[in-house]
Amino acid sequence: MDSVLVVGESLVDIVHGADGTTTEYAGGSAANVAVALARLGRRVRFVTAWADDERGRVLAGHVAAAGVELAGDPHVLNRTATAAATIGADGAATYEFDLEWRVPAVDDEPAPLVVHTCSLGAVLEPGADDVLALVERLRSAATISYDVNARPAITGTGPDVVALVERLVAASDVVKASDEDLSALYPALPNEAAARALLALGPAAVVITRGGEGATWVHEAGVVEAASLPVEVADTIGAGDTFGAAVIDALWERGLLGADRREQLRHLDVEVVAEVLAHAARAAAVTVSRPGADPPYRHEL
């Protein structure tokens, strides 16, 4: 059975709601993607890190309940990472992080069909170099998916961070970046120009997400626009992660993953791209409709 290898951070979201309540949810960008893909029925192997503490056990239970397999022993941290998320009146979340990131020893077998990495795991040392090495080792067989999901509050911005992002973009096939990511990394460029700059590094496509304003698929042939679905927003935690997972799922459904599909991925018809983006928008709409990173099961779509 083909699998996806998801690589990146897990953490506990400590959510301070607009109503004054505080709730803890299992999360982290990579963990959210792993759970989302597993709930969509995909075989998921997960490379991540947490501590042998109460919050680590919460994370272990969370991914196990979704059917996610661990591709290595995650117990490589002294304490499990957290993100304090403050929810505004519009449901949008702002974050303050307490984390470190390391990559445990990874079993490469079985060889994955696709590798996905994202966010802090891709740029936070000492793990970032190991993530890049793993991606470069596996890209001869697998499609590489990368969600920038920039976190300036912990990484800062500027040339050093941009260089870390760009080296992974150059090894990737599908790159997702929000409008906020692109503005943080390339403040002097309009979003589409920034996406074009990333596209020039080698991926088949760069997908720009704009929250409720929709998404744009940028590739050599031009751009494809897609609308978001109207929904009552509980909060936006995990929405982008769900969108990225659903893009992978839709490409998988159409037989477009694996290194032997790399050139085909560069030349997708507008109709196929539109279907992929619509699927991702449906999945993200479910996630934003309920609290925390709670992505949909396939039957909910």
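Each residue of the sequence shown is one higher than the one before, starting from 179 at the first, in our numbering. Note that CB positions come from ideal geometry on N, CA and C, so glycine has one too.
One thing to note: residue 305 has its Cβ no nearer than 8 Å to the Cβ of residue 348. Under the DSSP assignment, residue 312 falls in the alpha helix (DSSP H) whose first and last residues are 305-316. In terms of Cα proximity to residue 266, the closest of 402, 196 and 403 is 196. Cα atoms of residue 334 and residue 397: separation of roughly 28 Å, rounded to the nearest angstrom. As the crow flies, the alpha-carbon of residue 336 is around 16 Å from that of residue 346. Scanning 371, 362, 354 and 449 for the CA closest to the CA of residue 418 turns up 354. Counting every other CB atom within 10 Å of its CB across the protein chains shown gives residue 472 a total of 16 or more, marking it as buried. Following the DSSP letters along the chain, one finds residue 386 inside the beta strand (DSSP E) bounded by residues 383-387. Closest option to residue 276, judged by alpha-carbon separation, among 331, 248, 372 and 320: 331. DSSP lists 295 and 353 as the beta-bridge partner residues of residue 324. A straight-line Cα-Cα distance of about 9 Å links residue 307 and residue 342. Annotated as distal: residue 291 and residue 448, with beta-carbon spacing of 8 Å or more. The beta carbon of residue 246 lies closer than 6 Å to those of 212, 216, 222 and 224 in the same chain, with the five residues before and after it left out. Residue pairing by DSSP places residue 273 opposite 263 in a beta bridge.
Residue environment: residue 256 is assigned as exposed (fewer than 16 neighbouring CB atoms within 10 Å of its CB, all protein chains considered). Residue nearest to residue 453 within the set 476, 329 and 427 is 427 (criterion: CA-CA distance). The beta carbon of residue 322 sits closer than 7 Å to those of 293, 313, 349, 350 and 351, all from its chain and outside the five residues before and after it, given in chain order.
Rounded to whole angstroms, the gap between the alpha carbons of residue 404 and residue 459 is 8 Å. Per DSSP, residue 409 is not a residue of any alpha helix (DSSP H), being assigned neither H nor E.
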